[in-house]
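Residue 198 in numbering that gives the first Met the number 0 is what sits at position 199 of the sequence shown, and the numbering runs on without skipping anything. The beta-carbon is built from N, C-alpha and C at its ideal position, and this holds for glycine as well. Keep in mind it's a predicted model, so treat the numbers as computed, not measured.
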Amino acid sequence: MAVLFTRAFALRPLPLLIALTLLSAAILAACDPATPPAAPAAPPSQPTVDEILALDQAQSEGEVTPAPEVEAAPQPDPDQEDPPEPAAPAVEALVFVEPQQVRQGMSFLVVVDSPNAGAASVALEGAFLSFIREGGRLFTILPVDAEAPLGPLSLLISIADGEGRPALTVELEIEVLPANWPVEVVEIDDENSRLLDPEVIAEDLAVRSGVQFSKSPVRLWSGFFRPPTAGVITSTFGVRRSYNFAEPVDYHTGMDHAGALGELVVAPNNGIVAWTGETERRGRGVIIDHGGGLFTTYWHLSSISAEEGNPINRGDVLGRIGSTGLSTGPHLHWEVVVHGVAVDPIQWIREQEVPDPSAQFDPSQAIYRTEGAVDDTPTGAATDSG
0 MAVLFTRAFA LRPLPLLIAL TLLSAAILAA CDPATPPAAP AAPPSQPTVD EILALDQAQS
60 EGEVTPAPEV EAAPQPDPDQ EDPPEPAAPA VEALVFVEPQ QVRQGMSFLV VVDSPNAGAA
120 SVALEGAFLS FIREGGRLFT ILPVDAEAPL GPLSLLISIA DGEGRPALTV ELEIEVLPAN
180 WPVEVVEIDD ENSRLLDPEV IAEDLAVRSG VQFSKSPVRL WSGFFRPPTA GVITSTFGVR
240 RSYNFAEPVD YHTGMDHAGA LGELVVAPNN GIVAWTGETE RRGRGVIIDH GGGLFTTYWH
300 LSSISAEEGN PINRGDVLGR IGSTGLSTGP HLHWEVVVHG VAVDPIQWIR EQEVPDPSAQ
360 FDPSQAIYRT EGAVDDTPTG AATDSG
């Protein structure tokens, strides 16, 4: 029997209930030494080897007193909806469009004055354009193509709160008016016939587009633009071009100034020299980034003084008039480009017509206003770039 007892405990430990009972009694006796010993009591009956083996056999056969059940944690109701996200704070805004009637080939200003808007953008004919922030004002300059359809032109303005969450969408329309472009006859000889070659046109467009569709995120210019040279205007923006008296196939995308070979060409406003170089069609040229999607370009130069990547200030020398590229004689061809679209430079050299992001607006003239917007909402940019 002794051998059986030893083997049983070697295979299976003493049942837990009995072990705990004996251990508890020993601990209680050790922790209360001041208690006088009680009268000796009959020693508790110790389990026999047969009882221990019987309990061990019952445990192995699953006949053990089950452990007390533990209450399961409550499970979430799958049909219960999640608590709603906290509502975004209301954005107060006044929206201005100036002017609201725009001639083909012109630019216009869109302004959101708001004390708590975080950002804004506009969708225009498939393009999504971000606004620039200056103080409590968000704004952008937008172009109307020289051949844009007449009538209403839709704008979709999206405004976000201070944390970037969509807060407001405003759909507006402006009216596009006719420009009634005249027709201009340009006589070209065999040497300049490549002016109309599709490959030459594509090469020129690729160079300019790679620069003019990028933009600095801040406004670098201020006020109206000075003429870039002293020569008289010989060809205006938008005129339909008839080459050698044929049907017009395109329009003039800039303004031409007459000038003597070598006459100075200067920057009309502040910016950064975004590109200098040469194309077969336009000859030597300079492109200035004025910030916020506004560029000016200067072509057919005989020489270039500006250095790519450098800041440029109003009146700084860019180069000298020439006749490089496909040109019939010395002159300056210069352009104003807004978000990749050529617009009429004449608007930008007239102080009363240039789009002015720092202008003060009458709140009562807002084209749209939220219910929370009050008359003391800022109606002018806090700072003026220069």
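Alpha carbon to alpha carbon, what distance is there between residue j and residue i?
| i | j | result |
| --- | --- | --- |
| Gly-237 | Met-105 | 10 angstroms |
| Ser-301 | Trp-274 | 16 angstroms |
| Asp-343 | Lys-214 | 20 angstroms |
| Arg-136 | Ala-119 | 10 angstroms |
| Ala-365 | Glu-306 | 43 angstroms |
| Pro-310 | Glu-370 | 43 angstroms |
| Val-143 | Gly-328 | 31 angstroms |
| Ile-187 | Gly-261 | 23 angstroms |
| Thr-168 | Val-175 | 22 angstroms |
| Ala-245 | Gly-253 | 21 angstroms |
| Thr-228 | Trp-220 | 18 angstroms |
| Pro-165 | Val-217 | 23 angstroms |
| Asn-312 | Leu-128 | 26 angstroms |
| Pro-114 | Leu-108 | 19 angstroms |
| Gly-291 | Glu-133 | 12 angstroms |
| Trp-347 | Asp-288 | 15 angstroms |
| Ile-271 | Gly-308 | 6 angstroms |
| Glu-91 | Phe-138 | 15 angstroms |
| Gly-276 | Ala-257 | 22 angstroms |
| Ala-205 | Ala-89 | 44 angstroms |
| Trp-298 | Gly-284 | 4 angstroms |
| Val-110 | Gln-103 | 21 angstroms |
On the premise that residue j lies in contact with residue i, defined as a C-beta separation below 8 angstroms, what is that separation, rounded to the nearest angstrom?
| i | j | result |
| --- | --- | --- |
| Glu-162 | Gly-117 | 7 angstroms |
| Ile-140 | Leu-293 | 6 angstroms |
| Arg-314 | Ala-266 | In the sequence as displayed, the identity of residue 314 is Gly instead of Arg. Gly-314 to Ala-266, Cβ: 7 angstroms. Contact. |
| Leu-331 | Asn-191 | Going by Cβ atoms, the distance from Leu-331 to Asn-191 rounds to 17 angstroms, so no, they are not a contact pair. |
| Asn-268 | Phe-224 | 5 angstroms |
| Ile-303 | Thr-235 | About 25 angstroms; that fails the 8 angstroms criterion. |
| Ala-388 | Ala-201 | Residue 388 lies beyond the residue range present for the chain, which begins at 0 and ends at 385; the question has no answer from this structure. |
Let's test the definition: count the other Cβ atoms within 10 Å of the Cβ of residue i and tell me whether it reaches 16, buried, or not, exposed.
| i | result |
| --- | --- |
| Thr-296 | buried |
| Gln-351 | exposed |
| Val-390 | Nothing can be reported for residue 390, as the shown portion of the chain is limited to 0 through 385. |
| Leu-317 | buried |
| Val-231 | exposed |
| Pro-151 | exposed |
| Glu-172 | exposed |
| Pro-354 | buried |
| Ala-147 | buried |
| Gly-209 | exposed |
| Arg-207 | buried |
| Asp-112 | buried |
| Asp-31 | For Asp-31, the pLDDT reaches just 47, beneath the cut-off of 50, and the residue's location in the model is therefore unreliable, although a value from the coordinates is still provided. Looking at its Cβ environment, which holds fewer than 16 other Cβ atoms inside 10 Å, Asp-31 is exposed. |
Might you give, ordered along the chain, the residues of its own chain that have their beta carbon closer than 6 angstroms to the beta carbon of residue i, omitting 5 neighbours on each side?
| i | result |
| --- | --- |
| Leu-155 | Ala-122 and Glu-170 |
| Arg-239 | Trp-180, Val-182, Pro-247 and Tyr-250 |
| Asp-255 | Thr-233, Ser-234, His-330 and His-332 |
| Gln-211 | Phe-294, Val-336 and Gly-339 |
| Ala-341 | Thr-252 and Glu-334 |
| Arg-368 | Leu-93 |
| His-153 | For the sequence presented, residue 153 should be read as Ser rather than His. For Ser-153, where only same-chain residues beyond five positions count, the Cβ hits under 6 angstroms are Glu-172. |
| Leu-149 | Val-175 and Pro-177 |
| Leu-226 | In the sequence as presented, Leu is not what sits at residue 226; that position holds Pro. Once the five neighbours on either side are set aside, the close Cβ partners of Pro-226 are Ile-348. |
Counting only the same chain and skipping the five closest in sequence on each side, list residues whose C-beta sits under 8 angstroms from that of residue i.
| i | result |
| --- | --- |
| Asp-203 | Thr-278, Glu-279, Arg-280 and Arg-281 |
| Asp-189 | none |
Leaving aside the five residues before and after residue i along the sequence, list all residues of the same chain whose C-beta is less than 7 angstroms from its C-beta, in chain order.
| i | result |
| --- | --- |
| Val-184 | Ser-241 and Phe-244 |
| Val-264 | Pro-227, Thr-228, Tyr-297, Leu-300, Leu-317, Gly-318, Arg-319, Ile-320 and Leu-331 |
Between residue i and chain C, is any beta-carbon pair separated by less than 7 angstroms?
| i | result |
| --- | --- |
| Val-90 | This model lacks chain C altogether, as it is built from one protein chain only. |
* If we count Cβ pairs, one from each stretch, closer than 8 angstroms, do we get three or more for the stretch 264 to 283 versus the stretch 196 to 209? -> Cβ pair count under 8 angstroms is three or more, so yes.
* Asked: Does the stretch 93 to 102 come close enough to the stretch 324 to 340 to have 3 or more Cβ pairs within less than 8 angstroms?
  -> Judged by pairs of C-beta atoms under 8 angstroms, the stretch 93 to 102 does not touch the stretch 324 to 340, as fewer than three such pairs exist.
* **Any 3 or more C-beta pairs closer than 8 angstroms across the stretch 150 to 161 and the stretch 349 to 359** => No: fewer than three Cβ pairs fall under 8 angstroms.
* **the stretch 305 to 322 in contact with the stretch 112 to 129 per 3-pair CB rule at 8 angstroms** => No contact exists between the stretch 305 to 322 and the stretch 112 to 129.
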